[in-house]
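Keeping their order, the protein sequence lines are chains A and B. Final position of the first sequence in our numbering is 173; the numbers increase by one with none missing. Final position of the second sequence in our numbering is 350; the numbers increase by one with none missing. The block underneath contains the structure these notes are about, expressed in structure tokens.
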Amino acid sequence: TYSPEPDQRWMLPPGWVSLGRVDSEEELSLTFALKQQNLERLSELVQVVSDPNSPQYGKYLTLEDVAELVQPSPLTLRTVRKWLLAAGARNCHSVTTQDFLTCWLSVWQAELLLPGAEFHRYVGGPAETHVVRSPHPYQLPQALAPHVDFVGGLHRFPPTSSLRQRPKPQGVGTVG
Amino acid sequence: LHLGVTPSVLRQRYNLTAQDVGSGTTNNSQACAQFLEQYFHDSDLTEFMRLFGSDFAHQASVAKVVGKQGRGRAGIEASLDVEYLMSAGANISTWVYSSPGRHEAQEPFLQWLLLLSNQSTLPHVHTVSYGDDEDSLSSVYIQRVNTEFMKAAARGLTLLFASGDTGAGCWSVSGKHKFRPSFPASSPYVTTVGGTSFRNPFLITNEVVDYISGGGFSNVFPQPSYQEEAVAQFLKSSSHLPPSSYFNASGRAYPDVAALSDGYWVVSNKVPIPWVSGTSASTPVFGGILSLINEHRILNGRPPLGFLNPRLYQQHGAGLFDVTHGCHESCLNEEVEGQGFCSGPGWDPVTGWGTPNFPALLKTLLNP
Chain A
-2 TYSPEPDQRW MLPPGWVSLG RVDSEEELSL TFALKQQNLE RLSELVQVVS
48 DPNSPQYGKY LTLEDVAELV QPSPLTLRTV RKWLLAAGAR NCHSVTTQDF
98 LTCWLSVWQA ELLLPGAEFH RYVGGPAETH VVRSPHPYQL PQALAPHVDF
148 VGGLHRFPPT SSLRQRPKPQ GVGTVG
Chain B
-17 LHLGVTPSVL RQRYNLTAQD VGSGTTNNSQ ACAQFLEQYF HDSDLTEFMR
33 LFGSDFAHQA SVAKVVGKQG RGRAGIEASL DVEYLMSAGA NISTWVYSSP
83 GRHEAQEPFL QWLLLLSNQS TLPHVHTVSY GDDEDSLSSV YIQRVNTEFM
133 KAAARGLTLL FASGDTGAGC WSVSGKHKFR PSFPASSPYV TTVGGTSFRN
183 PFLITNEVVD YISGGGFSNV FPQPSYQEEA VAQFLKSSSH LPPSSYFNAS
233 GRAYPDVAAL SDGYWVVSNK VPIPWVSGTS ASTPVFGGIL SLINEHRILN
283 GRPPLGFLNP RLYQQHGAGL FDVTHGCHES CLNEEVEGQG FCSGPGWDPV
333 TGWGTPNFPA LLKTLLNP
């Protein structure tokens, strides 16, 4: 196995509290980011449609054009689906570009599928949000390395707002 | 004289007349997205427009809400996003994306990216208030999200991200202080919006740096060719450069533009709240103004602006008020004494090219 995100920081954000491990029979929805194709070509296309001096300026791609360009290879699609179904994943949903796959699994299935992962429930943030995350890094079978970028839903917590209400500024002179 | 930023203060500062609103006859549209699990209430928008929206035509409600909206208390950020996107980009169809009600094991921002990859028809302009320290995210995640922004740019979507509210940021790497860039602000495929203040908070004057305005240089993404000249000019001419060990001068530099981020009035849960500040405020303002420019482009048979940066830098920020006074915050130590970068003539890593002067910006972005 290998760790797809060895440099993903794992730290409980301030204000979040662990409520302990999730029951192994609970259901989880995880998102798998599949490796795409033709990214060099995509980068070139972005340049030409965004450069006012280019004859292609403003001639944007449709979502279907982008899908045709970047969608994962048939081998990737087949390999990942086989791996997930063998692990008991169900209700898998893809997107038009087919480079994301969201599936439902039981906690015990997910912990078997992603060695090292251990799902805990946390609560925090201004809205007392509940999330399920793994405080330990996950691994993937080495055979998946050419096919999966990362698995979403394990480590990153919802962001917090940085808006502030400042004290009323001191009047310049007297403000009637 | 004014007691804080309202739509009419903004419209006056950025030279928007009562005629500068959407025509209501095009397929133009705009969206704001926030991932704080906050709710937005239409009734707040109604109250906000009753209080502050009488001198410009505007839509009374949002056109579409993506993600469940509950009956929970409204969040101030969700309220602010919508109220100022619909005040600057007035009378333009507006979507709100917020992610309450998603499954606990999902990442709200990732779910938004999946939405972008799954809907053929989306608004042209998206303003997003989300950011994390670059160093807290895995490189595979950052690179993949950056690819998702490339996909959006290829489709002609304009993505605007807040530059962050911690100035240059600060962290310690093996005992030495360094500035701390944030992502997605540091992606080369989005337009990043910094923040300014009025020189006099009670008058409509020229703008100076808001000290919180996020800005700096990426440690992950190399400098894109479209901004090399502008950044080199800044590094050559700035008289207040921090020690070079604090930042990666060859990284993607941001922000690209700015707008007022200080002292907003917001209506949330029916209560008018003053002095709200952050680049989450400047981002929808700049986004709304780009939507107005898209409106004119569409009416003239032109495509929407799409990924703006190559054009913005090519035009050397024409159509923007250049902000040349003030510095943003950074590490509190003897070496830099809490000061990060300082603004200067032309582009700078605190306010980018500056803030929108609508008639001039429209002139430079209408054709081709």
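By construction, the Cβ of each residue, glycine as well, lies at the ideal position given by its N, Cα and C atoms. Since we're looking at a predicted model, the values are computed, not measured.
When you compare only the Cα positions, how much space is there between B:Gly33 and B:Val44? At residue 33 of chain B the sequence reads Leu, which differs from the Gly that was named. In a straight line, the C-alpha of B:Leu33 is about 18 Å away from that of B:Val44.
Range covered by the beta strand (DSSP E) that runs through A:Asp146: In the DSSP annotation of this structure, the continuous segment of the beta strand (DSSP E) that includes A:Asp146 starts and ends at Val145 to Gly149.
Is the CB of B:Asn276 under 8 Å away from at least one CB in chain A? Closer than 8 Å to the CB of B:Asn276 there is not a single CB belonging to chain A.
Taking 8 Å as the CB-CB cut-off, is A:His127 touching chain B? When Cβ-Cβ separations below 8 Å define contact, A:His127 makes contact with chain B.
Just verifying my parser: in three-state terms, what is the DSSP assignment at A:Trp7? Looking at A:Trp7 - three-state DSSP - the assignment turns out to be coil, as it is neither helix nor strand.
Just the Cα atoms here: how many angstroms apart are B:Tyr208 and A:Asp48? Approximately 10 Å between the Cα atoms of the pair.
Given 7 Å as the limit, tell me if B:Leu98 has its C-beta closer than that to any heavy atom belonging to the ligand GTP. Here there are no bound small molecules, and the ligand GTP is not part of this structure.
Span separating the alpha-carbon of A:Ser91 from that of B:Leu142: One C-alpha to the other measures close to 26 Å.
Whole angstroms are fine: how far does the CA of A:Ala124 sit from the CA of A:Asn88? Rounded to the nearest angstrom, the gap between the Cα atoms of A:Asn88 and A:Ala124 is 29 Å.
On the criterion of 16 or more Cβ atoms from any shown chain inside 10 Å, does A:Gly173 qualify as buried, or is it exposed? No answer about A:Gly173 holds up, because its pLDDT of 46 lies below 50 and its placement is not dependable.
Sort out for me which residues DSSP pairs B:Thr76 with in a bridge. Beta-bridge pairing links B:Thr76 to B:Gln12.
Please decide whether A:Val172 counts as near chain B, where near means a Cβ-Cβ distance under 8 Å. Only weak support exists for where A:Val172 lies, its pLDDT of 48 falling under 50; the value from the coordinates is given anyway. Interface flag for A:Val172 against chain B is set, since a Cβ pair is found closer than 8 Å.
Within this structure, are the beta carbons of A:Thr99 and B:Ser99 separated by less than 8 Å? Taking C-beta atoms as the reference points, A:Thr99 and B:Ser99 fail to come closer than 8 Å.
If contact means a Cβ-Cβ distance below 9 Å, which residues of the stretch 30 to 51 of chain B contact chain A? For chain A, none of the residues of the stretch 30 to 51 of chain B brings a beta carbon within less than 9 Å of one of its beta carbons.
Three-state class that DSSP yields for A:Gly173 in the structure shown: Bear in mind that the predicted position of A:Gly173 carries a pLDDT of just 46, short of 50, making it too unreliable to give a figure here.
Do we get a CB-CB distance below 8 Å when we pair A:Glu2 with the residues of chain B? Taking 8 Å as the threshold, the shortest C-beta distance from A:Glu2 to chain B falls below it.
How big is the Cα-Cα spacing for B:Glu29 and B:Ser243? One C-alpha to the other measures close to 22 Å.
Beta-ladder partner(s) of A:Tyr(-1), from DSSP: Beta-bridge analysis with DSSP links A:Tyr(-1) to A:Leu137.
List the residues of chain B whose Cβ lies closer than 7 Å to the Cβ of A:Val67, in chain order. Within chain B, the residues near A:Val67 are Lys133.
In the DSSP assignment, find the unbroken alpha helix (DSSP H) run with B:Tyr66 in it and report its ends. Ile58 to Ala70 is the extent of the alpha helix (DSSP H) around B:Tyr66.
Does any C-beta atom of chain A lie closer than 8 Å to the C-beta of B:Tyr123? By this cut-off, B:Tyr123 is an interface position.
Could you run through the stretch 138 to 162 of chain A and flag, in chain order, every residue whose CB is less than 9 Å away from some CB of chain B? Listed in sequence order: Asp146, Phe147, Gly149, Gly150, Leu151, His152, Arg153, Phe154, Pro155, Pro156, Thr157, Ser158, Ser159, Leu160, Arg161 and Gln162.
Terminal residues of the alpha helix (DSSP H) in which B:His278 lies: In the DSSP assignment, B:His278 falls within the unbroken alpha helix (DSSP H) covering Thr261 to Leu281.
List the residues of chain B that A:Thr93 touches, going by C-beta distances under 9 Å, in chain order. Within 9 Å Cβ-Cβ: Ser99, Asn100, Gln101 and Ser102.
Please state whether DSSP places A:Glu61 in a helix, a strand or coil. The answer is helix: DSSP assigns A:Glu61 an H, G or I state.
For the stretch 11 to 23 of chain A and the stretch 34 to 44 of chain A, state whether three or more C-beta atom pairs, one from each stretch, are separated by less than 8 Å. By the Cβ rule, the stretch 11 to 23 of chain A does not count as touching the stretch 34 to 44 of chain A, because fewer than three pairs are nearer than 8 Å.
Using the DSSP secondary-structure output, state which residues sit across from A:His117 in a beta bridge. DSSP lists A:Arg18 and A:Arg130 as partners of A:His117.
Residues that B:Val249 contacts on chain A, provided the C-beta gap is smaller than 9 Å: Simply none; closest approach about 14 Å.
Looking at B:Val64 and B:Cys14, is the spacing between their C-beta atoms short of 8 Å? Their beta carbons are under 8 Å apart, which means B:Cys14 touches B:Val64 by this criterion.
Assuming the contact rule is C-beta atoms closer than 8 Å, B:Ala72 and B:Phe38 should be a hit. Round their C-beta distance to whole Å, please. Between the beta-carbon of B:Ala72 and that of B:Phe38 there is about 5 Å, and that keeps the pair under the 8 Å contact cut.
Just to confirm, are B:Phe199 and B:Pro163 a CB contact at a threshold of 8 Å? Cβ distance < 8 Å, so B:Phe199 and B:Pro163 count as in contact.
Residues bridged to B:Phe203 [DSSP beta-bridge criterion]: Beta-bridge analysis with DSSP links B:Phe203 to no other residue.
Does A:Arg18 come within less than 8 Å of chain B when only Cβ atoms are used? It does not; no Cβ of chain B falls within 8 Å.
Buried or exposed: which applies to A:Asp4, given that a residue is buried once 16 or more other Cβ atoms fall within 10 Å of its Cβ? A:Asp4 is exposed by the Cβ-count criterion.
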